[in-house]
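The letter at position 516 of the sequence shown is residue 521 when you use the working numbering, and the numbering goes up by one with no holes.
Beta carbons: idealized from backbone N, C-alpha and C, even for Gly.
Please read all numbers here as calculations on a predicted model, not as lab measurements.
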Amino acid sequence: MASFTVAKRTTSPHEGQKPGTSGLRKKVTEFQKENYLHNFVQATFFALGEDKVKGKTIVVSGDGRYFSREAIQIIIKIAAANGVRRIWIGQNGLLSTPAVSAIIRNCVGQEGEKASGAFILTASHNPGGPHEDFGIKYNTENGGPALEGLTNKIYETTTTINEFYTADGLPDVDIAQIGTSSFTGPDGPFNVEVFDSADDYVKLMKSIFDFSAIKELLARPDFSFCFDGLHGVAGAYATKLFVQELSAKESSLCNCIPKEDFGGGHPDPNLTYAKELVLRMGLGKTGPPADPPEFGAAADGDADRNMILGKRFFVTPSDSVAIIAANAVDSIPYFRSGLKGVARSMPTSAALDVVANNLKLRFFEVIGFLLFLLSYTRVHVALQVPTGWKFFGNLMDAGMCSICGEESFGTGSDHIREKDGLWAVLAWLSILAYKNKDVPAGGKLVTVEDIVRQHWATYGRHFYTRYDYENVDANAAKKVMDHLVELQSSIPDLNKIVSGIRSDVAGIKEADEFEYKDPVDGSVASHQGIRFLFQDGSRLVFRLSGTGSVGATIRVYIEQYIQDKAKTGGDAQETLAPLVDVALKLCKMEEFTKRSSPTVIT
Numbered sequence: 006m007a008s009f010t011v012a013k014r015t016t017s018p019h020e021g022q023k024p025g026t027s028g029l030r031k032k033v034t035e036f037q038k039e040n041y042l043h044n045f046v047q048a049t050f051f052a053l054g055e056d057k058v059k060g061k062t063i064v065v066s067g068d069g070r071y072f073s074r075e076a077i078q079i080i081i082k083i084a085a086a087n088g089v090r091r092i093w094i095g096q097n098g099l100l101s102t103p104a105v106s107a108i109i110r111n112c113v114g115q116e117g118e119k120a121s122g123a124f125i126l127t128a129s130h131n132p133g134g135p136h137e138d139f140g141i142k143y144n145t146e147n148g149g150p151a152l153e154g155l156t157n158k159i160y161e162t163t164t165t166i167n168e169f170y171t172a173d174g175l176p177d178v179d180i181a182q183i184g185t186s187s188f189t190g191p192d193g194p195f196n197v198e199v200f201d202s203a204d205d206y207v208k209l210m211k212s213i214f215d216f217s218a219i220k221e222l223l224a225r226p227d228f229s230f231c232f233d234g235l236h237g238v239a240g241a242y243a244t245k246l247f248v249q250e251l252s253a254k255e256s257s258l259c260n261c262i263p264k265e266d267f268g269g270g271h272p273d274p275n276l277t278y279a280k281e282l283v284l285r286m287g288l289g290k291t292g293p294p295a296d297p298p299e300f301g302a303a304a305d306g307d308a309d310r311n312m313i314l315g316k317r318f319f320v321t322p323s324d325s326v327a328i329i330a331a332n333a334v335d336s337i338p339y340f341r342s343g344l345k346g347v348a349r350s351m352p353t354s355a356a357l358d359v360v361a362n363n364l365k366l367r368f369f370e371v372i373g374f375l376l377f378l379l380s381y382t383r384v385h386v387a388l389q390v391p392t393g394w395k396f397f398g399n400l401m402d403a404g405m406c407s408i409c410g411e412e413s414f415g416t417g418s419d420h421i422r423e424k425d426g427l428w429a430v431l432a433w434l435s436i437l438a439y440k441n442k443d444v445p446a447g448g449k450l451v452t453v454e455d456i457v458r459q460h461w462a463t464y465g466r467h468f469y470t471r472y473d474y475e476n477v478d479a480n481a482a483k484k485v486m487d488h489l490v491e492l493q494s495s496i497p498d499l500n501k502i503v504s505g506i507r508s509d510v511a512g513i514k515e516a517d518e519f520e521y522k523d524p525v526d527g528s529v530a531s532h533q534g535i536r537f538l539f540q541d542g543s544r545l546v547f548r549l550s551g552t553g554s555v556g557a558t559i560r561v562y563i564e565q566y567i568q569d570k571a572k573t574g575g576d577a578q579e580t581l582a583p584l585v586d587v588a589l590k591l592c593k594m595e596e597f598t599k600r601s602s603p604t605v606i607t
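Have a look at this one:
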């Protein structure tokens, strides 16, 4: 058994190591700078404190993007030197972000140990490669992302750090082979355990969903299915989950071999970047195939995001979470006893609120924000939280929330403390299976489009779109946001500007900058987005995204609610055109950023 000693290495701070919405994301070349990663990992251990490090078990894995293999070896050595007892690693360093959360929450080792946290190596939906993005974040003992109290402490430590610990004499560990590598150090035994990436996650999914019902759906001759892994970590699960467990055809999977550079693509499951799936589902600009599949789905780089498509039909993420919530109790065994509550991020459309209202969920008003719990009395809207899945975790831990979602293609439930792309795909397959269980062979299949249109007929439709302006100059982005805050000082003056842009748009009744006070721990998150609320229920929201690695990303959210059944089937871009015109001229996007069009429209 190899042994190692602990060495202290002198270092100096690197600027800008403040975690964003979900961890620290920078270009690979930044992470490759001397001691850049070392500083962040050691700062995390310092911030956690010895009682949460020494003798503990942690998970270290990620989406397999470029630089992951080197990063894993660095973290192993620093963890060993800080007194960590054992490290769990998915084979080849691959674990989806949802799977990491599940492992922290559910897995018990041979000696009864449980993981106390994890370093997840991912930049999520951002590109990978030698000149692209890398990222690292720390998840805590509940399986969710570290809350701002800890991430702020990590950042503060990075600004003054002058040393880190590493294990001298500890060789690189073979993470391609399943098994345990054992070593000894000053604090005693130290083990690195490599295990199958998919086994535990698939077992969890089988405890949530009725796999036999989904299997029957996939076996129907009139039902076809396509899943696009975008060469992300979802590919490590797709074959076992869909082919081996659910008997889908191997040909139904595309881009399901994980690659360090995601095959040269952008692993973001939307209509812009999931080009192959979009074309295959009949939504491409070059002309649809003769007979697209009935159901299509994609996941992002670390498999926590998802996109749902029907034949020639796109399901918005806001509609998706609302439809899952509306059908969960009937379609998914995990929810048979009912929903504890539902929640959404503030920019997400209010479609989920209308479902909550219809399901007769009573509300708790906490510091001006409303949360639904199961009951049959007064009703209002679902709790709104800031963007970032960590804000849902507290609600779930307190037993207040079962299903939640973000408009940024994130959907999930309280089975873990991360959004879960493959869970969302299985949820939709479960709904389709339930809707078609009594449809005989040769009968009219209930399709994705049928389900969505019936949902609109029942609840009304929240027409919704998001404009993303990526890699904007940071100073220009600040000018946009400062200008919007200034406009909010006078609603009458603001409405004069709006009517001057479009006379067919309702007046603004309220404008604010969203602030959230957590109803569980009382923590406050400020500056979470600038909102303009119109008299007819329409909304404009502007916010800076915290998931980019360079520059700034400005996101503009436009929403209009229509209940008239004769109008719910209209084209979203046509319906929203007046509001889009107001939004872009109100914020002076082109004037400040010199951008005449968005990078992405969803």
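The secondary-structure analysis by DSSP pairs Leu314 across a beta bridge with Gly301 and Phe319.
For the 9 Å CB-CB criterion, Leu437 and Asn311 do not form a contact. Beta-bridge partners assigned by DSSP to Trp93: Val64 and Glu198.
The alpha carbon of Gly69 has as its nearest neighbour, out of Ser8, Asp266, Pro191 and Pro445, the alpha carbon of Asp266. For Ile79, the closest of Thr573, Ile141 and Thr607 by C-alpha to C-alpha distance is Ile141.
Under the DSSP definition of a beta bridge, Ile125 partners with Ser66 and Lys142. Here the stretch 412-430 lies against the stretch 297-306, with 3 or more beta-carbon pairs under 8 Å apart. With contacts defined as CB atoms closer than 9 Å, Ala104 and Ile92 fail to qualify as a contacting pair. Around the beta carbon of Thr102, 16 or more other beta carbons lie within 10 angstroms, which makes this residue buried. For Arg30, the enclosing beta strand (DSSP E) starts and ends at Leu29 to Lys32. An exposed status is given to Arg341, since fewer than 16 other beta-carbon atoms sit within 10 Å of its beta-carbon. Counting every other CB atom within 10 Å of its CB across the protein chains shown gives Ser187 a total below 16, marking it as exposed. Of the candidates Thr558, Asp586 and Val197, the residue whose Cα lies closest to the Cα of Asp473 is Thr558. For Tyr566 and Asp335, the gap between their C-alpha atoms comes out near 26 Å. When the five nearest sequence neighbours on each side are left out, the beta carbons in the same chain lying within less than 8 Å of the beta carbon of Ala279 are those of Asp233, Leu235, Asp273, Ala303 and Met312, in order along the chain.
Taking the C-beta atoms as reference points, Pro352 is found nearer than 9 Å to Glu411.
Between Thr291 and Leu284 a beta carbon distance of about 7 Å is seen, short of the 8 Å cut, so the two are scored as contacting.
Less than 9 Å separates the beta-carbon of Ile159 from that of Thr49.
Among the bridge pairs identified by DSSP, Gly417 is matched with Cys409.
Under the DSSP assignment, His488 falls in the alpha helix (DSSP H) whose first and last residues are Ala479 to Leu492. Under the criterion of beta carbons closer than 8 Å, Pro18 and Thr171 do not qualify as touching, at roughly 18 Å. Counting only the Cα atoms, Phe318 lies some 52 Å from Glu55. For Phe195, the closest C-alpha among the options Asp204, Ala203 and Thr185 is that of Thr185. Assigned with DSSP and collapsed to three states, Tyr469 falls in strand. Per DSSP, Leu100 is not a residue of any alpha helix (DSSP H), being assigned neither H nor E. Residue range Gly240 to Ala243 is occupied by the alpha helix (DSSP H) that includes Ala241.
Taking one beta carbon from each stretch, the stretch 393-410 and the stretch 343-363 have 3 or more pairs nearer than 8 Å; the two touch.
Asn157 sits in a helix when the DSSP states are folded into three classes. Scanning its chain for C-beta atoms nearer than 7 Å, with the 5 sequence neighbours on each side dropped, one finds around Phe228 the residues Leu222, Glu299 and Leu450, in chain order. Taking the Cα of Ile535 as reference, the smallest distance to any Cα among His488, Gly505 and Gly447 is reached at His488.
In this structure, Val326 places its C-beta atom within 9 Å of the C-beta atom of Thr416.
Taken in chain order, the whole alpha helix (DSSP H) runs of length 4 or more contained in the stretch 236-287 are 240-243 and 280-285. Judged by DSSP secondary structure, Thr165 falls outside any alpha helix (DSSP H); it is assigned neither H nor E.
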